[in-house]
Each structure stands twice: as structure tokens, then as C-alpha cells.
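Residue numbers (the numbering used here): 8 to 572.
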């Protein structure tokens, strides 16, 4: 018995002394290099140096033809319009939420963040149903004896969906900096006779120009690389570059064109993200921390008060109406007013139709992917952050750049790199669940890594040094100090990554095998087939996915950590 206890203690001590964080950090870095950089190098080789590429200047001919230039122009200007519209709504909303005090403000601010965590196929279906020919908006217009509008198949529906997704980013990023502006600036300018417009131009705009540009760049990047929204709400006339890559790969089987465009997409996204990071570092070095002063809503003049009330009401309607339409359609048949569970019953009933997809299989596959990818990403991210915390600033920057790379590369572009790299006879991972888990893990790593860094950086250096002086080795510092303090951050990251994986549409549509579907893919397949039964199945499955997203969002809010941190 004594020998057994001694053996257990010896094994435990060996485990605690073993530099596990170093080895996991190296494995994580190797994973990112193999599945991010190797596919990129493979893309460059096939486009520039393969035998078919050397026969003709394929890369430049692909990028200079009229079709690609028209898609590039459309992708750019729809992203710019989306950014402008997001700022137009997001900036007033940021001011209202972060400078004015009114009842239920924190609850409403939490609800305003909901669109950011909704799966893309759900938002696409909701906007299609809301603004379509027979949608709710036209029903209301006809009821009020106004002429109908048809936004379906237009660029404006795509832009509306982009604005819906990106308003929370503007509100959170700009609002966080807006609340740091000291009230003395406002009071001093009032004493000097400055009006509201003069204050806006001379005080608020110069202080907020960096966070506004930073949030605008992030929104531009998201809209430029938009895939699911454009695929569901648009048509061939409104294909973005990401959708073009998808169509060349899966429909037209023109891999050479797809690879050429992918290289352009990667370089462009990295440059935009580098500009965003530079802007972000400038904001951090010039940030002002001060106690926030809120103006009571009752202290506002009548016109301002009415504007605030109407704007808050607009934000609430804009946030909940698309989701509300989904729930209404899921619990009714053919837009009747009778509440029924028939769509859910039909969803889980195998009709024997060739278009039927088992929701149980889709849900199980989605949960398996989400669990494995979020847990793998959490382990890699925490131990890598723990290891790198003790290193030089240059090495920290190198690791930070490496671990954020999956965020710079769009999902479709990443997927095509994985497909052409891991298609050899000795390592053919195409359409295997392994490659899909790796892709989802890569997408989750940036969030979890930076949440881990945020948690570890919040620990005073004196505590870390004291532990080492008292004889704790590096592993014990990680287990005894870092892990308990970072627990909520890591759990938040795991839950958020779980939600991202559940709603991930781009990589799943490229990498899935023929024998399994995820929830977003099942919804898209139901939408792709005609008939009211398939549409009802799509509504029912979308509502299930929304409910899961709401639960995830509620749990994240319970941890009191912002996913925008």
C-alpha cells in the first residue's frame, strides 16, 4: 500500500514537473504551421510553379479577367456600403448606451449584442422571410394600403443583413472608448459657448476617430469575406469573392481559378487585418481611463428624449423582429394564425423523400464537432498563453501573430487550402471528420488564446514572482495560479467557441463528407429544395439552433465577460 502511494506521488510529481505547457505550445504552433502556412505555400506552388502554371501566366490572367474584376468591385463596394450603414446606426446607438442612463439599459445592451452570435444561415433565412415577396414587411405595408416592396434578390437585402450582424461591433468598440471621455471636456466646451454640433466636431470626433476607424476596418473585413449571407440572400449577380471561390471549387470544378483568387484573398485580408491591429495598438497606447459620467434621460430636452426613446425602440425591433419571424413561421403552417408543432413533428419524421435529412444526425455531428474543437482549442490556447507569458516581448508578438492567423483567413479560403494539401494517397483527409474538427479548432483558437492572455495578464507580476520564490515550478504556477484565475475566461471562450462551431457554415460546406450534415448545412439543404414541407423543416431546425445560441449567450453573460474583449 505504501509502495503504491509512493508510486502515485512519484507519478504526480513527474507530471507536475514535466514542462507540459512548453510541449503543448510547440504542438499548437506546429498545428497552425501545418494547417495554415503549409496550405498557403502549397497554393503558391500550384499557382506559380506547377507545370500547368509555367505554361501560361494563369495567376494574372485569372485576376485580370472581367469576371473577377466585376466580383472584386462588387465585393468592395457592398462592404463599404455595409460599413457606412453600420456606422450610421451603430454610432448613435453607442452614444445612447454608453453616455445616457435609462431604465433597463444593461439588459437592452445585452440584447443588442445578440445578432453577433446568431448563426449565419439563421440570419439569412430570417431576412429572406422578413423582406421577401410574401414577407412580414410586405404584409404590414399591404395592411396599411401601401405598395409592396421586394428586396429579395437585391443588394439591399444583403446589406441589411450585414448591418444586422455588425451593429454590435460598432456599439461595443466605439462605446467602450466613448464612456472614457471625461465629462469636463463637455462642460468646458459648454461654458465656452460650443453647441452640440461644435462639440461633436471638436471634441468627440478627434477622440473617437481611432476606435471608429478600427471598428470600421473590422466590419469591412467581415463584409468583404461574407459567404453565407450572400449565398442565401443573393444570386449569381451578387457573388462576393468568397462565394466565387466556393462556386469554382464545388460547382465549376475550376481549382486553378479558385486557388488564384484564394491567394489574392489571403494577402488582402492579412493586409487589412494588419492595418486593424496597428490601429488597435495605437488606441491602446492613447487610451484614457476615467470614471464615466452618464446623463440621466430625464435631464434631456424633450426632442432629445424622444429621439433616444425612438432609437432604442428601433434597435429593439431591428434586433428581435427577424428572430420573431422565424419563431412565428416555425410554429405555424402556411402563415396561419394557429400555433402548432407540426413543423417540428415533420422535421423528425423520416418521409423517405430523397431530400430528407435526419435532424438527429445533424445535431449529433454538430455537437461532436463543437465539443472536440472547443476543448482542443482551449487546451492549446491556455497552455500556449501560459508558456508564452514568461517569454520576451518579441516572442509574445510572434506567437500572437501566429495564433491570430486563422482569424485573418476566411473559412472558404482556408478550406480550399486544406483540400488541395491533404489529398495525397498517404494522407487523404478530404471530406473526413478529422479535417473538419481541425478546421473548427483553428477557427476557435484566436478567441481562446486571447481570452487566456487577457486572464494571465490580469494577474499581478508580484504574485507570479512570489510563487516562483516559494519553490513552485512553472507547471504548478500554471495549475495553482493561472488556471483558477483564468477559469471564467476559458469557460467563456469554450462556450463561445462551441457556439461558433455549431453555426459554422463556410468550412462545413467545403469539407464535409457525403455521409454527414451539420445543423447549418441541413438548414441550407432544406432551403435548396422546393416545397412547404422543406421550408417548414428549415424554420423548425433554425429555431432549435437559435434556442441553443440564446442559451450559450445567456451562459456567457453570467460569467460577466464580454466576447468583444
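Idealized CB from N, CA, C, for every residue including glycine.
- Apart from the 5 residues on each side of it in sequence, residue 531 sits with its Cβ closer than 6 Å to the Cβ of 128 in its chain, given in chain order.
- The three-state secondary structure of residue 83, taken from DSSP, is helix.
- Closest option to residue 272, judged by alpha-carbon separation, among 543, 533, 47 and 170: 47.
- Taking the C-beta atoms as reference points, residue 538 is found no nearer than 9 Å to residue 354.
- The secondary-structure analysis by DSSP pairs residue 302 across a beta bridge with 107.
- Between the alpha carbons of residue 140 and residue 241 lies a distance of about 14 Å.
- In the DSSP annotation of this structure, the continuous segment of the alpha helix (DSSP H) that includes residue 254 starts and ends at 248-257.
- Distance between residue 335 and residue 132, taken at the CA atoms: about 13 Å.
- Secondary structure note for residue 407: its alpha helix (DSSP H) is the uninterrupted segment 400-415.
- Look at residue 434 here: in three-state DSSP terms it is strand.
- Counted as a single uninterrupted DSSP element, the stretch harbouring residue 519 is not any alpha helix (DSSP H), since DSSP gives it neither H nor E.
- The C-alpha of residue 274 lies about 33 Å from the C-alpha of residue 372.
- By the criterion of at least three beta-carbon pairs nearer than 8 Å, the region 145-155 is not in contact with the region 213-229.
- Burial is judged here by how many other beta carbons sit within 10 angstroms of a residue's own beta carbon; residue 74 has fewer than 16 and is exposed.
- Taking one beta carbon from each stretch, the region 104-121 and the region 313-322 have 3 or more pairs nearer than 8 Å; the two touch.
- With contacts defined by Cβ atoms closer than 9 Å, residue 230 and residue 85 form a contacting pair.
- A contact is defined here as three or more CB-CB pairs under 8 Å, and the region 456-463 meets this definition with respect to the region 381-398.
- Taking 9 Å as the cut-off, the beta carbon of residue 499 is found no closer than this to the beta carbon of residue 509.
- For the region 492-558, the full-length alpha helix (DSSP H) segments reaching 4 residues or more read 513-518 and 526-535 along the chain.
- Comparing C-alpha distances from residue 232 to each of 393, 279 and 398 shows the shortest one belongs to 279.
- Beyond the five residues adjoining it in sequence on each side, residue 458 comes within less than 6 Å, by CB distance, of 496 and 500 in the same chain, given in chain order.
- A Cβ-Cβ separation of about 7 Å places residue 126 in contact with residue 556 under the 8 Å criterion.
- Looking from the CA of residue 442, the closest CA among 453, 424, 174 and 31 belongs to 424.
- About 4 Å separates the Cβ atoms of residue 109 and residue 304, confirming a contact at the 8 Å cut-off.
- Secondary structure of residue 397 (DSSP, three-state): coil.
- Straight across, the Cα-Cα distance linking residue 216 with residue 184 is about 10 Å.
- Taking 9 Å as the cut-off, the beta carbon of residue 318 is found closer than this to the beta carbon of residue 100.
- Assignment of residue 159 by DSSP, reduced to helix, strand and coil, places it in the coil class.
- Between residue 79 and residue 70, the alpha-carbon positions lie close to 9 Å from each other.
- Distance from the CA atom of residue 282 to the CA atom of residue 416, rounded to whole angstroms, is 15 Å.
- Rounded to whole angstroms, residue 34 and residue 403 show a C-alpha spacing of 16 Å.
- For residue 139, no alpha helix (DSSP H) encloses it, and the DSSP letter there is neither H nor E.
- Contact annotation, residue 50 with residue 270: C-beta distance approximately 5 Å; criterion of less than 8 Å satisfied.
- Only buried fits residue 514, as 16 or more other CB atoms lie within 10 angstroms of its CB.
- With a threshold of 16 other beta carbon atoms within 10 Å, residue 453 meets it and is buried.
- Annotated three-state conformation of residue 187 is coil, per DSSP.
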